[in-house]
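Beneath this line is the structure, given in structure tokens, with notes to follow.
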Amino acid sequence: QQPVQSPQAVILREGEDAVINCSSSKALYSVHWYRQKHGEAPVFLMILLKGGEQKGHDKISASFNEKKQQSSLYLTASQLSYSGTYFCGTEYSNAGNMLTFGGGTRLMVKP
Amino acid sequence: DVKVTQSSRYLVKRTGEKVFLECVQDMDHENMFWYRQDPGLGLRLIYFSYDVKMKEKGDIPEGYSVSREKKERFSLILESASTNQTSMYLCASSQGSGPYGYTFGSGTRLTVV
Chain Y
19 QQPVQSPQAV ILREGEDAVI NCSSSKALYS VHWYRQKHGE APVFLMILLK GGEQKGHDKI
79 SASFNEKKQQ SSLYLTASQL SYSGTYFCGT EYSNAGNMLT FGGGTRLMVK P
Chain U
3 DVKVTQSSRY LVKRTGEKVF LECVQDMDHE NMFWYRQDPG LGLRLIYFSY DVKMKEKGDI
63 PEGYSVSREK KERFSLILES ASTNQTSMYL CASSQGSGPY GYTFGSGTRL TVV
């Protein structure tokens, strides 16, 4: 089963914040986050392992709530360069690094 | 930097043709993956491989096969292309068992007419 991402799309002004959620109906081993700009390959942002850790990458951070089987990606003080489609990829076991991706969240940051 | 190279950026093929999509990675990664990307559906796994000559079916393997004769190369084969296989195909690689991020190729946009 694919994880469910929400919202499906969001429009921001530069400097605003956004949260993207990724929910799974199955127990998770890890969650990956990727960003894909139009016409380009998805680019790896970060991995979170079960244990509820939070990670950061510039002004982009993420958390993993093991109880809720949910991860959230936080974009703070958004920049134009943050525009793109964000995908979460979920891993259900520590076997083979196989990911199941969500449907994606389209983020547009306007000046 | 790890590079994953897909041989064609755009392909147009006729219904019934046998189609080969090639993917090469240059960092000795053990795992390689083929996904298709369709609007609203995200990325769906077709096949993956943990090692040379090893392959496993993903979520949507019907109508596809794969070949991994060398560690660096993973080929996706459409045995008899159909219009519902028109899609963006993405190849990815990762280091090994463990929580490693994927490196994706730029994709092949395949149109079957």
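Sequence order for the protein chains is Y and U.
Residues in the first sequence are numbered consecutively from 19, following my numbering.
Residues in the second sequence are numbered consecutively from 3, following my numbering.
Virtual Cβ for every residue (Gly too), placed ideally from N, Cα, C.
Computed from a prediction, not measured in an experiment: that's the story for all the values here.
How would you write the range of the beta strand (DSSP E) that residue i sits in, first residue to last?
i, result
"U:Asp40", "33–40"
"U:Gly44", "44–51"
"Y:Glu34", "Note, Y:Glu34: premise wrong, no beta strand (DSSP E); not H, not E."
"U:Tyr66", "66–72"
"Y:Asn83", "78–83"
"U:Ser96", "89–96"
"Y:Ile65", "61–67"
"U:Leu15", "One detail in the question is off: residue 15 of chain U reads as Lys in this sequence, not Leu. Segment 12–15, the beta strand (DSSP E) holding U:Lys15."
Under the rule that 16 or more other beta-carbon atoms within 10 Å means buried, what is residue i, buried or exposed?
i, result
"U:Ile44", "What sits at residue 44 of chain U in the sequence shown is Gly, not Ile. Burial call: buried."
"Y:Ala36", "buried"
"Y:Phe59", "Note that residue 59 of chain Y is Ala in the sequence shown, not Phe. Buried is the call here."
"Y:Gln19", "exposed"
"Y:Gln26", "exposed"
"U:Asn33", "buried"
"U:Ser2", "What the structure shows of chain U is the stretch from 3 to 115, and residue 2 of chain U is not part of that stretch, so it cannot be assessed."
"Y:Phe62", "buried"
"U:Glu54", "For clarity, residue 54 of chain U is Val in the given sequence; the question names Glu instead. That one is exposed."
"U:Asn86", "exposed"
Return the chain-ordered list of same chain residues with a C-beta closer than 7 angstroms to the C-beta of residue i, the five sequence neighbours on each side being excluded.
i, result
"U:Ser89", "Arg38, Gln39, Asp40, Leu112"
"Y:Arg31", "Lys128"
"Y:Gly120", "Gln20, Pro21, Val22, Gln23, Cys40, Phe105, Cys106"
"U:Gly42", "none"
"U:Pro63", "Ile48, Tyr49"
Tell me which same chain residues have a C-beta within less than 6 angstroms of the C-beta of residue i, skipping the five on either side of it?
i, result
"U:Gln27", "Val6, Glu74, Ser95"
"Y:Gln54", "Pro60, Gly102, Thr103"
"U:Ser82", "Gly18"
"Y:Ser43", "Gln19"
Within a Cβ cutoff of 8 angstroms, which residues of the same chain sit near residue i, ignoring the five residues on either side of it in sequence?
i, result
"U:Gly103", "Ser96"
"Y:Val28", "Ala36, Ile38, Thr123, Arg124, Leu125, Met126"
Is there a C-beta anywhere in chain C that falls below 7 angstroms from the one on residue i?
i, result
"U:Phe106", "Checking the listed chains, one finds no chain C in this structure; the protein chains it contains are Y and U."
(message) Within 8 angstroms, do at least three Cβ pairs link the segment 105–116 of chain Y to the segment 37–56 of chain Y?
(response) yes
(request) Flag this pair as touching only if the segment 79–92 of chain Y and the segment 10–28 of chain U have three or more C-beta atom pairs under 8 angstroms; answer yes or no. (result) no
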